[in-house]
Structures are given as structure tokens and as C-alpha cells.
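Here the protein sequences come in this chain order: H, U and D. If you're matching positions, the first sequence starts at 243 in our numbering and goes up one per residue. If you're matching positions, the second sequence starts at 2 in our numbering and goes up one per residue. If you're matching positions, the third sequence starts at 239 in our numbering and goes up one per residue. Only one structure is covered here, and it is reproduced in the block below.
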Amino acid sequence: MTLFPVGITGGLTYMTGAVISTVLQIFLLIPAVKLAARTRKDPCTLAFERGKNFGRATTLAFLLYFLYEAFRDIGDLAYFTDYFFAVNMTRIMTVLCVVLTAVYAARLRISVLGRTARITFAGVIIMLAVIAAGAAEDMDITRFDYAVNDLPAELSKAVYAEFSRCECLALFSFLAADIDGDPEKTAKFYLIAKGAMITLIAGMVTSVLGTFAFAEKLPVFTLAAASENLITERSDAVFLIIWVMTGIVKLTTLLYCSARCLRLLRPKDSDIGSVFLAGLIPTAAALPLLLVYGWEKVIYSPRPAAPIIILGLILPAYLLHVSPKSAHEREV
Amino acid sequence: MKNPSHRSDRTIYLLVTAVLCCILLSARGRSISIDRRGIVHAMGIDPCDSGYRVSLQIFQPAGSGSDTAVDVTGANVAVAVSEGRTVSEALSKAGSSTGKELFFGHLQLICLGGDITLDDPRKLFAFALGGKNISPSAELCMAAGKAEELMRLKLTEDETSAEALSSLLATSAEHSRTLSCDLKTLLSEECTAAMPVLEVISGSDTDSSSADSPTISESVRITGTVVITEVGKTMLTENEALPAGLLAGKADKGSIVTDLGGENVTCELDNCHRHRTITAENGKLILTTDITLSARPDHELDPERSRELSTSMSHALESGCTALQSKMFQSGADIFGTIQLIKQHFPKLWLKYQNVPEKLISAIDTNVNITVKIV
Amino acid sequence: MSEPYFNNIKKQLLRADLKTNLDIINSALGKTADLNIVNITICKTDCAILSIEGMASSQLLAELVFEPMTELAAKDPTTSEIIKMLEKHSLMSTDRQLTTDFGTLFELLFSGFAAILLDGVPRAVCLGIQGFEKRSVSVPEAEQTISGARDSFTETLRTNMSLVRRRLKTPALRFELLKVGKLSVTDICIAHIEGRANADTIKTIKQKFQSIELDTILNAGYLMPFVDETYSRSVFSAVTVTERPDNACAALNEGKILVIIDGTPGCMLLPTVFADNFRTMDDYCEKPFYAAFSRWIKYISFLLAVLLPGLYTALVMFHPEVFPLKLLLNLAAAEVATPYPPVVEMILLMVLFEIMREAGVRLPRSVGGAVSIVGGLIIGDAAVKSGMVSQPLLIVVGMTATASFVLPSLYPAISVLRLIFILAGGFGGLFGIAVASMLLIFNIAAVDQYGTAFTAPLLPLRPHGLTDIFSRAGFRQLVKRHTTIANDNSNVQ
């Protein structure tokens, strides 16, 4: 959570929106997890089984969305890393660092990415604990308020803003079939954990910084900078490390999924070739904007929610409707 | 034909090597080693004809002849002064003049000159927002005269002058002799800014030849707490500092002298807790502040006398707090975070008076209840 | 004699004619000086007793071979009686093998057997009377413990097998012997507990050993690339080498496979997980609370050894705001006097340290003390006083070095990773550290050996093995057999 969505003016409003959005996402993901539990195949493979053109269209839709998200992730990593550092970090080298690392990792199995994601998640917990411990003295519960002009409208804006940042729904829809165990349970745990994290982070920022959070470009970074503990004067270094790590994990997952889509569209491609291509396309798109210092336009541009709804809900629901029931479901 | 496994291994090695090369080139060798940085501990901002005059206290280590890296008998600072139309411009010029890359990551204290206006804090402190690594926890204070005078003081109590000044401010705030203020409190606009006022004691020698000798108590003192509103500045006396601390919830400790049947009893205060409730009755807002604290008298008292002391002290503190609260609210200054409380409990009301909060707080009825436990 | 000819000889069968056999043997071995042939005639039957100098015990040869045969000669037996006696009715050795081809004959001769050839009999009777010089069981050098056993594996395969058998007196303990190496024909023993180790894994390992085309197998390192599937891609090895029989037995109990190699005291354990590097036998000799404390000290030492120099360099060069003010001022003042940037100082000191460590390992013991003097006085004291390096940096290097010695099995990986992190931190700051950390985590997470993830039992989560990772489970819990590896038989009772 690098920054609050554009247009959000109240911390508590955003937290409430995040909780509502999480509940909506749990319901939204039901068709995808049921599809995964029934067929144990990803939507693209199922679409190809229905028809070649349908399969191609579905795969292309997923691919384009993943590449778009990878483009944004790459740009954000490079832009904000440059911002965090006192010295000028070369954007092209920063981009190459993260993309090559993601390419190195995206050729591995999904179980490896899952393990790494869990280790990184543990790092996030530790980071939040360190920041919270250091900023606990400055927390003030009176900073939580619903003082906005039109509360329902602001809440809707917060829900929409939070929802449109949830590319994880499309990822989940694509990867649910690869989950060991029950995809439904895993989906619920994942969304609840994510919602809890976002709410916690927003809560910490609001309770410590109050309206100052909205004056700063990067409120979580500012919160970390204000957090002092016995060993370090500031905790923004911890935040920086964890932030880069989580960004790389997200980019790796996106490239992995993009490479899989590419291999479905072009089966002759090798694993490493498809991963390279998946990394090359968003890099080539992001670099020009970064080098001409035009990335700010992208940061503050709204994210579309329609692809998430299509890929995370409509498509899996349709495939679920047309796919034959499993033997277990028929017995039940 | 090459083994595909070997090809794959070679690709992996190349990838990893490429990542490491990119890391090596990412900063293009423009990292600045710690010894080439000018570590700024404190800065003073004064208005001047050309805009702002900025004075910076920069760490200056002892020469290689000393036994320790930092000479604890010296002041270890150098002062750089520059002017500019904005504070940011002045800081850039200061960096150029010192020949070092100024580092603000450890900026502990920002001192504002007595003449400075704070009608737009975010504009004044634009240099601290979004860059320069300045911590939002940097302390703020005001100088009775020029901030530059304070910056030119070379104190030797701690390793640097700024540390000594920060310690003075922190201890004073802890003992409720003033109210502390940091950058995020000022810029969050949650309450009216109130910050300590420091005065350089005239006659103290700041000449570099005796720079190692002046002690902090001989050089500087806290004259009070300044409350800065749009209208102007109000000074809180030292007697008002304790009630201000109690009402703002910032008091940790304190001391008070109570007249107990003709005898002056001095008590050390501790464990100060504040609980506030705000309600609306008959169209009026009523703010109730309940404060509990423990007091340790300087000599043993029997239970009867202790009860009397507790009652007497409570009354004295309540009247002081009530008077201060009324004074502040009447002048439209909210140094207690009351607006924030209203915003939380009555958001619609706050929205209505968002642009004129002084009208809102001037209409509040206040109740202060103080319970003193004699230990 | 060129190798192909030798290979042809190996497959040839023994002749009935003794002289022909001896000619072929002399020709194949190039009349090697260590081949002893004793020709005797027992009642018109020519016999030859072959042995290799230094491999067969002279005393046993005299007691178990010469003496019985001399006694036999007094009874005037026929050729068939002699061979019948040797093959069926005598107890001249615990290990008696009959061979009909030259290849097996040579292997047995070089393994310390004595071979008896009879004229008119196209086979040899080989008696195991090994008497080669071997090192006795001694204290382990590389894996020292405070309270654990004091014996270690030796270079002799059979001795090592007995050290394991002594500790696991279960009929389920199996030893399977293989020979690997075209020239060395090294004996390899695969040990496992039937029903605990995964049968598919054992089969796969055997196949891999049998497919090895190397000429010589001189230590475990020769075999590792063949059994470690991620050998060339992973920083850490998924195969552990141990010289402790107690360690080996504990691993066998968990369902792991032990590979004993003749000629080297280091035995391989696989599959291993990352957490195994932090477990020692001392943990099971102490109370759980101390074992847990000790375990965490090792984890912290690992992190310090790998990350501390890189983090220090990154913070000093890019993020000094993290340091508390007093520390920062002292660091700044210390660095003022030094000519090089901190990253260069750190790399120089680390390289110097590695040079001294390597010198300390190679030097004879009598001169080894000189390394300490050189290191301590010249590097430590003089370098700081001359202003070449700063004191805080030296403290960091000292702490790192000490931390890395806590985990000797991980030392190779730690040394290399440390340098990488120093470069990453020195040139890329915390961004570089983060990227390098991600590469490392991906590298560790990607290691999957024989169905067991290297990050097991943490990821994927296996609760029954987890207690032994973060602490030492009490023995009541250990009664329910725990294992860190995944196999079908890892059921908790």
C-alpha cells in the first residue's frame, strides 16, 4: 500500500471502504473458486476446451490485463524507489533490476512463488510490528472520524477505489486451480488477510499522522520515518526493503501468469522465452514514460475495475455454468 | 548438441549476473559516504528582506588528534547561514557554501524566529514535505529574538548543541513547563500550534574562543509557550504551562505548590491521565475533561492533611485549567485538540464550521474535573 | 596398457589352466610390484595364492590361508577335494566369494582379498583378509559438540557401516552396496530404514549412481552433482555431508537416506532441508529451553553473517538516517580519516579475512599461531591506527566472521553471499539489498529434492516437523515420530 487511492480524504472512510470491498470480493470470487474446485483447470484452458477462438480471446484478455498491471508495477517500483532515495537512482537500471529478478523467478513453479510470497508476508508483519511499536506513542484515536461531506458517496468512492486496485482477484481466478487443498478456503483466508492488512495500515497511518497523511505523497513511508525504536532512529529503511520485496513478488506473479498465457497462445515458445517476452513488453511500455519523467500521470490515473469484474467474476461464472459437474457434485 | 539443462543453467547465471550488474549501476556511483555529508542537527528560520534567512548547525567532527571520534568537550558544530526567497532556496545555497551534501535525516530541531508568521505552515515547510528525508518528528520551537542567535550557541552538554537544546525542550515538556510541538502536529492542522519559546540569555559568551565553556543553563532558557493563531501570537506563562499540558494530554510530570493552611506544600505530579467527553445538550456543546493524577508531597502528611491537600490542589488546578481553557477558546485558539474531538463525534457540525472553527470552540461550555491522589 | 584393453580383460572368464590365468593377470596388471603370487603344489595340483601387498593382512594370510592349505597338503587331496574344501568345508574367512571372471577377481584383490587359483579349475576362491592401514575411529573434527558422541566416520566403508549398525539395532536398517567409478571402483553403501525412507527415492538414487561415468570417486563431492538436482543452480546444497554417526542415525530415523563412500569420512545425507543446517546433536542433550535459545542464536548468526556487512555498507552510504544520532556521529567521525569509501574498505577487509582463514586452514599447526598474530596485530590494530580502515567497520567484520563460524556447514554459501550483499548494499543501498534478498529467497524456495521442499517443514507447512525447527521438541512429542522431510510414511503415531 504505497499511497492512498486518489480522491480519498478520510482515513476512517477509506478503512470502512476497504472492509466493505473485502466482503464484496469474497462474494465475487465464489464462481472462480467453485470452478477451480470442480475442474482443477485455469479459465484459459477451459475456454480452449470450449473453442479455439473463445480460448484465444479469453487468454488474450487475461494476458493484456496482466501485462497492464505489470507495466504499472514496474513503473511504480522505479518511480518511488527514485523518490525514496536521497541520491538519484537511475530509473532504467532500477527497472532492469526488478524485471530481470522477476524473470529469473517467473520461470519457476507456482509453488515456489507461493513460498516466497509467504516469506515476504511474514516480513510485512514484522515491518508493521516494528513501525507500530515505534509510533505507538503518537497514536490518537480521535483522528478517526467520518467528517466528509457526503458519507455514502465517499464510502462508495473508497469501495470502488479499493476494488479497482485488486488485480489479485484476476490473478486468483487464473491461479485458483493450482492451489493445493480447498481453493474456497484459501481464497477466503487470503482476502481476509489482505483486507486486514490494508485496514491495519490505513488505521496506523490515520491514527499517527491524521490529516498530515494526506499532505504527504507517501503516507506509509512518512509513518515509518516517524517511527522510532530502541535500535534505529527511523523505520523507513525496513519499510523500503519490504516494499521492494513485495513489489518484486507481485511483478513475478504477474509475469508468471503472463508467460503462461503466452505459452497457451504460442505453444511452441519455451518457458524461458515466454517469460522474457512477458517481461519485455511491460518494460518497453514503462521505460519511455519513466525516462521522460511522465510517470506521475500514470500514478494518478484511475484504475479500471471492469477488467477485474470480467476476469474475476463474469468469465468464471460463465465457465462454471457451462462446465459439467464433477462426480462428487452430481452425487450431492 | 548442447544439453538443454546446460543451456538453462547458463541462462540462469546470466540473469543473476545481469541483475547484480544492474544493482551496481543503479546509483551510478553517486552514493555519498557518511563522511562527505554535512549532518544538519538544527536549523533556524528567520524572515529577512530577501525572504528567509536560514541558519544551520552542521556536525563537525574533531580532528584526528583526539582520542575519541567525537570530542565530547567540544561543541562539534559549525554554523552555515544563507538567504533565499524560500526556505528551500536558502537551503540549497547553504549546501553549496559548505561544500558538503547537506543531510537532513537527523534534523532534530527547527527553530522559528520571533518575527516569523505562520499563516501558511505548509507553504513555509514545503521543504520538509516530500523530500530531504526530514523526519515528521522534528521538534519545533520559537526564538524570543532571532533563531540565528540560538543556532550560534555552541553548547557542550551533549555531543552537539542541538542535542542539548532538544534535551532541554524534552525535559521541560515532560515536566509540564511548556508544550512540545513537532512538525507533523503543526502540519496536520488538528489544533492550533503551541510551541516552546527559547531565549538566549544576554551576556552569555558565544565567541568561538570560549565556545567550549558556556553551560546550557547560563546560555538559554525557556520563557514560555507561544500559541500561534491567525490573529497573532499569545504567550502562555509558566504558570499556565501545567494546565495547558494537563488539558492537552501532554503532561507527564509536573510540580505544584499549594497553600495548605498557610503552609506551602510542594508536590511532584505523576501519572497524569486525561479523559474527555463531548456531548450536545440543548443545542450547546459541552466538553467535559476528567483528569486524574497522583501527587507526592515533599514531606509526610497525615491522612486528614492529605485529604485537604488533595481537595485544595484539585480546586487550584481546576480553576487554572478552566481559566486557561476559557481564555484559549475565547481567542479562537484550540491547543487541546478539541476540534478533533468534535470532528470525531459531531462530523456534520464540524463540516458546517470547517472554515471558521474559532466560532465553534468559542461556543463550547467546558467542565474540568481533576482528581488528585496523594501518594 | 591402454584402458580399452583393460576393459576387455575385465569381462573375460578365468581359464582352467593356471599358468594362462597367471599370465593374463600379470599382463593385465603390468607386472605391478605390489602383486604377490605364492605358488605351491598340493599333491600334484598347482595352486597360486594371490594378494596385493599392503591390502591383505600378512598375519591373516599366514594363519587363515597358508596354514590350512599346508595342513591340507599333508592329506594328499585331489584337485576336486581341494576345491571342495576351499569352497564348502573350510572356515578360512568370514567373507568368502567365488569368482569366475577377471574383472571381479581384480576388484576383490584390490579390496584386500586373497585369491586362490587351482590348476584345472576355472574359478577362484577369494577370502576377505583385509589388512590395509586404516585410521581408527577418532573425534570428529568439523562437527564438534559439547555433549554428543566423540566418534566419527572413518575412510573405511565397513567400519562406518558398523558405527551405524551399532546405534540402530533394528532389522529394518538396510545397507545396499554399489560400485561407482570406472578406475577407482569405489564401494558406495546406501543405508536406509525400510518403511521410513521413500522407496522411489532410493530407486532413483541408485539409478543415478549407476549411471555415473566418472573414473574416480574420491569423496562425497564427486557424487553430489549427480544426486543433488539443483547442484549447479542453488547456492545451498540440498545434500548434507556429515562425519558423525549419531547425526547420520538421527537422519535415518527421520526417513533420510545415508550414502557412505569408501575412502572418505564424509557421508552424504539426503534429502535435507534448510533447517537441518541449524540442528546439532547438542540440541538433544540439553533441555528444550536452552536448545531453543541455541537454535535461535544460530539463526541470528546466519542472518548476521550474511547481511550485516551489506546492511552496514548500505546504511552508511545511502541511509544514514537510520542510525541513532550518537552512533551516526561516531561513524561519521571515524570515516573522515579513512581514504576509501566504506564499500571498498568492507570488501578489502572481507577478502583479507578470507585469505587469512584459508591460510590458517592450510598451514601446519606449528605455524598456525602466526596467522592469529598477523591477523590480530597487523590487520586489526595497525590498520586502524594508520587510518586505512575505520574501527566501526572492523567491529562489523569481526562480528560477521564470528557469526559465520557458528555454522561451518554453511560457510561456503555464507562467504559468497556476504560479498554479493556487500556489493549490492554498497552500490544499490537498501534497494540492492532487497533485490539480492529476493534472489536469495527465490533460490532457496526453488530447491525441491525428491519431493521435499528445501523450505520444509515451514513451507509447505507440516506441523509435525515444525516444533523441531524453531525450538527443540520435548521427547514426549518426539515419541510421535517427527520428520522434516515429506514422505508417504511420515505419519504421526
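Think of the CB as a built atom: it goes at the ideal place given N, C-alpha and C, for glycine as much as any other residue.
Subject >> Counted within 10 angstroms of its Cβ, other Cβ atoms place H/V534 as buried (16 or more) or exposed >> reply: With fewer than 16 other Cβ atoms within 10 Å, it is exposed.
Original post:
Which value, in whole angstroms, describes the spacing of the CA atoms of U/D208 and U/S83?
Top reply: At U/D208, the pLDDT of 47 sits below 50, so the modelled position is not reliable; the number obtained from the coordinates is stated separately. Computed Cα separation, rounded: 20 Å.
Subject >> CB contact flag (U/I35, D/P558, <7 Å) >> reply: In contact: U/I35 and D/P558 (Cβ atoms closer than 7 Å).
Original post:
I think H/G489 touches H/L319, with their Cβ atoms under 8 Å apart; what is that distance to the nearest whole Å?
Top reply: A Cβ-Cβ separation of about 5 Å places H/G489 in contact with H/L319 under the 8 Å criterion.
Original post:
So, do the segment 618-633 of chain D and the segment 571-584 of chain D have three or more beta carbon pairs nearer to each other than 8 Å?
Top reply: Because the criterion of three Cβ pairs below 8 Å is met, the segment 618-633 of chain D and the segment 571-584 of chain D touch.
**OP:** Buried or exposed for H/M381, please, with buried defined as at least 16 other CB atoms from any protein chain shown within 10 angstroms of its CB.
**Re:** Exposed is the label assigned to H/M381, since fewer than 16 other Cβ atoms lie within 10 Å of its Cβ.
**OP:** Starting from the Cα of D/L260, find the closest Cα among D/M588, D/L586 and D/A286 and give me that residue.
**Re:** That would be D/A286, whose Cα lies nearest to the Cα of D/L260.
**OP:** Check the Cβ of D/I679 against every Cβ in chain H and list those closer than 7 Å, keeping chain order.
**Re:** Chain H residues near D/I679: T358 and I361.
Original post:
Hey, how far is the Cα of D/T552 from the Cα of H/L553?
Top reply: A quick correction: the sequence has Ala, not Thr, at residue 552 of chain D. Rounded to the nearest angstrom, the two C-alpha atoms are 42 Å apart.
Original post:
Does D/S470 have its Cβ less than 7 Å from a Cβ in chain U?
Top reply: At a cut-off of 7 Å between beta-carbon atoms, D/S470 makes contact with chain U.
Original post:
Going by DSSP, which residues form a beta bridge with U/S288?
Top reply: Checking the sequence, you will find Leu at residue 288 of chain U rather than Ser. Beta-bridge pairing links U/L288 to U/I279 and U/T367.
**OP:** State the Cα-Cα distance for the pair D/K420 and D/F447, rounded to the nearest angstrom.
**Re:** Whole-angstrom Cα-Cα distance: 12 Å.
Original post:
In terms of DSSP beta bridges, what is U/P48 paired with?
Top reply: Note: U/P48 sits in a beta bridge opposite U/Y53.
Subject >> Closer than 7 Å at the beta carbon, the chain H residues around D/G667 >> reply: Residues of chain H passing the Cβ test: F327.
Subject >> Neighbour flag for U/G106 against chain D, beta carbons, 7 Å >> reply: Yes, its Cβ sits closer than 7 Å to a Cβ of chain D.
**OP:** Taking only beta-carbon positions, decide if D/E573 is within less than 7 Å of chain U.
**Re:** Contact with chain U is found for D/E573, since one of that chain's Cβ atoms lies less than 7 Å from the residue's Cβ.
Original post:
Listed in chain order, which residues of the segment 542-557 of chain D have Cβ atoms closer than 8 Å to some Cβ of chain H?
Top reply: Near chain H, meaning a CB-to-CB distance below 8 Å, the residues of the segment 542-557 of chain D are L553, F556 and H557.
**OP:** Using a Cβ-Cβ cut-off of less than 9 Å, list which residues of the segment 567-594 of chain D approach chain H; keep chain order.
**Re:** Listed by position along the chain: nothing, the set is empty.
Original post:
Taking U/T290 as the reference, which of U/T280, U/A296 and U/P298 has the closest Cα?
Top reply: Among U/T280, U/A296 and U/P298, the Cα nearest to that of U/T290 is on U/T280.
Subject >> Same chain only: Cβ atoms within 7 Å of D/V544, ignoring 5 sequence neighbours per side >> reply: Answer for D/V544: I652, L655, R656 and F659, listed in chain order.
Original post:
Checking contacts by CB at 7 Å: is U/S34 closer than that to chain H?
Top reply: No, U/S34 does not count as interfacial toward chain H.
**OP:** Would you identify the three-state DSSP class for D/F351, choosing helix, strand or coil?
**Re:** If DSSP states are grouped into helix, strand and coil, D/F351 belongs with the strands.
**OP:** Measure the alpha-carbon distance for U/R31 versus H/S263 and round it to whole angstroms.
**Re:** Cα to Cα, the separation comes out at about 44 Å.
Subject >> Any chain H beta carbon closer than 7 Å to U/S136 >> reply: U/S136 belongs to the set of residues whose beta carbon lies under 7 Å from a beta carbon in chain H.
Original post:
With 7 Å set as the bound, which would you pick, yes or no: does the beta-carbon of D/M676 sit closer than that to a beta-carbon of chain H?
Top reply: At least one chain H Cβ lies under 7 Å of D/M676.
Subject >> Pairwise C-alpha distance: D/N398 and D/L456 >> reply: Roughly 16 Å separates the two Cα atoms.
Original post:
Where does U/D299 fall in DSSP's three states?
Top reply: The answer is coil: DSSP assigns U/D299 none of H, G, I, E or B.
Subject >> CA nearest to the CA of U/V373, picked from U/S189, U/R297, U/G233 and U/K344 >> reply: Closest option to U/V373, Cα to Cα, is U/R297.
**OP:** Helix, strand or coil for D/N494, going by three-state DSSP, please let me know.
**Re:** Correcting the residue type first, residue 494 of chain D is Lys in the shown sequence and not Asn. The answer is coil: DSSP assigns D/K494 none of H, G, I, E or B.
**OP:** Would you mind reading off the limits of the alpha helix (DSSP H) that contains H/D265?
**Re:** Reading the sequence as shown, one finds Val at residue 265 of chain H and not Asp. For H/V265, the enclosing alpha helix (DSSP H) covers residues G253 to L270.
Original post:
For the beta strand (DSSP E) that D/V465 lies in, which residues bound it at each end?
Top reply: No beta strand (DSSP E) holds D/V465; the alpha helix (DSSP H) holding it covers A458 to V465.
Subject >> Under 7 Å (Cβ pairs) to chain U, residues found in the segment 480-509 of chain D >> reply: Across the segment 480-509 of chain D, no CB contact with chain U closer than 7 Å is found for any residue.
Original post:
Does the beta-carbon of D/N568 have 16 or more other beta-carbons within 10 angstroms, so that it is buried, or is it exposed?
Top reply: Buried, since its Cβ has 16 or more Cβ neighbours within 10 Å.
Subject >> Validate contact between the segment 312-320 of chain D and the segment 354-373 of chain U using beta carbons, cut 8 Å, 3 pairs >> reply: Because the criterion of three Cβ pairs below 8 Å is not met, the segment 312-320 of chain D and the segment 354-373 of chain U do not touch.
Original post:
In the structure shown, what three-state DSSP assignment does U/E200 receive?
Top reply: When DSSP states are grouped into helix, strand and coil, U/E200 belongs to the strand group.
**OP:** Report the three-state DSSP secondary structure of D/H557 (helix, strand or coil).
**Re:** Looking at D/H557 - three-state DSSP - the assignment turns out to be coil, as it is neither helix nor strand.
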